[in-house]
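One structure is given here, and the rest of the page talks about it.
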Amino acid sequence: MNAIQRAVIELGLKKEETVCVSGIGCSSKLPEYLDVYGFHTMHGRSLPHAQGVKLANPELTVINVGGDGDGFAIGCGHFVHAARRNVDITYILMNNQIYSLTKGQTSPTSDRGFITKTSPEGAEEAPVNTLLMALTAGATFVGCGFSSEVTGLGSLIASAVKHKGFSFINVMSPCVTFNKLNTYDSYKKQSYKFEETTGYDPQSYEKAIEAALGYFERKPLGLLFKTETSVFKEVHMSEHPIAPAMQDISDPKKHSNLMERYLRH
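Residue numbers (our numbering): 312 to 576.
Quick look at the structure:
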């Protein structure tokens with residue numbers, strides 16, 4: 312939350328022009344603590360809402376927040392398609408590798424062998440690699456942060472918001488109550504600054520893929536990949552040049568035939 316607040320301040324975003332959308336989970340209470348418009352949606356359905364907000368009013372800055380259970384279980388399909396559409400929104404994943412609001416069960420990103428109330432003999436499934444999924448789905452900005460590295464994370468979020476296209480940041484966010492395996496200390500030991508690696512180039516898709524493939528052993532902090540391509544708004548607006556929020560509805564006569572056209576088709 313502190314990092315997002317820093318990014319909002321750094322970018323000088325106006326609260327009436329900024330929307331924070333969330334789903335369900337510990338992370339999804341966050342819009343209630345930001346002085347911007349908030350939209351607390353259903354489990355796994357935050358990305359469809361966030362995309363709808365952006366397409367209805369492209370002038371708004373839209374930040375989507377959620378957890379690993381929210382975004383990569385029931386919401387996984389929405390993630391893939393939002394990334395491939397390249398909608399101009401920022402998605403911040405607070406990844407604690409466990410369902411915490413429901414008192415500690417395995418999530419899609421839990422380590423194999425992780426013991427919880429629903430996996431007393433250890434989780435049998437392989438965890439979802441969120442960075443790899445974002446890259447292969449077509450996200451045009453992919454980064455990774457750590458919740459205790461607030462300054463660096465705040466700058467990374469600011470860069471993601473400024474980027475034109477679908478931005479994804481995986482934030483390692485330890486749950487101190489139910490997850491005693493993935494802790495602040497363990498994340499610190501595993502993390503390294505990706506920008507300090509030999510031949511660092513955020514425009515290199517191959518290097519980003521390589522870093523993502525090694526995520527479970529060594530966790531790269533910072534910007535992994537960034538590229539520029541047409542955003543969904545530009546494609547959509549070529550067919551519908553006036554966004555819904557910008558429509559002139561002062562004269563009802565201009566829209567009297569809409570229902571007739573709708574029923575006809």
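Glycine included, every Cβ here is placed at the ideal spot set by N, Cα and C.
Item checked: Span of the beta strand (DSSP E), counted from its first residue to its last, around residue 536 -> 530-537
Check: Among 354, 353 and 333, which has the Cα closest to the Cα of residue 344?
Finding: 333
Item checked: Rounded distance between the beta-carbons of residue 380 and residue 300, thought under 8 angstroms -> Lying before the first or after the last residue shown, residue 300 is absent from the chain, which here runs from 312 to 576.
Next item on the list: Give every residue of the same chain whose Cβ lies closer than 8 angstroms to the Cβ of residue 428, excluding the five residues on either side of it in the sequence, and list them in chain order.
Entry: 414, 415 and 416
Checklist line | Inter-residue spacing [alpha-carbon to alpha-carbon] between residue 519 and residue 445 | finding: 11 angstroms
Checklist line | Sequence-distant residues of the same chain with beta carbon closer than 8 angstroms to residue 349, five excluded per side | finding: 330, 331, 332, 333, 342 and 343
Item checked: Among 474, 488 and 347, the one whose alpha carbon lies nearest that of residue 541 -> 474
Margin query: Please list the terminal residues of the continuous beta strand (DSSP E) segment that includes residue 476.
Written below: Where residue 476 is concerned, there is no enclosing beta strand (DSSP E), given that its DSSP letter is neither H nor E.
Item checked: Three-state secondary structure assigned by DSSP to residue 430 -> strand
Next item on the list: Put residue 351 into one of helix, strand or coil per three-state DSSP.
Entry: strand
Item checked: Segment limits, beta strand (DSSP E) that includes residue 518 -> Careful: residue 518 lies outside any beta strand (DSSP E), inside the alpha helix (DSSP H) at 516-524.
Checklist line | residue 338 to residue 407 span [Cα, whole Å] | finding: 10 angstroms
Item checked: Rounded C-alpha distance that separates residue 522 from residue 394 -> 19 angstroms
Check: Nearest CA to the CA of residue 489: which residue from 572, 426 and 386?
Finding: 426
Next item on the list: Could you say which of 404, 468, 463 and 544 lies nearest to residue 441 if we only look at CA atoms?
Entry: 404
Item checked: Pairwise C-alpha distance: residue 554 and residue 369 -> 7 angstroms
Check: What runs of the alpha helix (DSSP H), each 4 residues or longer, lie entirely inside the segment 357-414?
Finding: 357-367 and 387-396
Item checked: Own chain residues within Cβ distance below 8 angstroms of residue 511, not counting five before or after -> 505 and 518
Item checked: Sub-8 angstroms separation of residue 533 and residue 467 beta-carbons -> yes
Notebook entry, point to check: Which residue comes first and which comes last in the alpha helix (DSSP H) that contains residue 495?
Noted result: 495-501
Next item on the list: Please check the pair residue 503 and residue 531, which I expect to be a contact at CB under 8 angstroms, by giving their CB distance rounded to whole angstroms.
Entry: 6 angstroms
Notebook entry, point to check: When the Cα of residue 454 is compared with those of 437, 493 and 483, which residue comes out closest?
Noted result: 483
Margin query: Since residue 391 and residue 437 should fall inside the 8 angstroms C-beta cutoff, what is the C-beta to C-beta distance between them, to a whole number of angstroms?
Written below: Actually they are not in contact, since the Cβ atoms of residue 391 and residue 437 sit about 18 angstroms apart, beyond 8 angstroms.
Next item on the list: Determine the direct distance from the alpha carbon of residue 435 to that of residue 361, and round the result to whole angstroms.
Entry: 33 angstroms
Next item on the list: Please look up how many angstroms separate the CB atoms of residue 335 and residue 354, rounded, as I've assumed it's under 8 angstroms.
Entry: 4 angstroms
Margin query: With a threshold of 7 angstroms on Cβ separation, who are the neighbours of residue 312 within its own chain once the five nearest residues in sequence on each side are excluded?
Written below: 341 and 344
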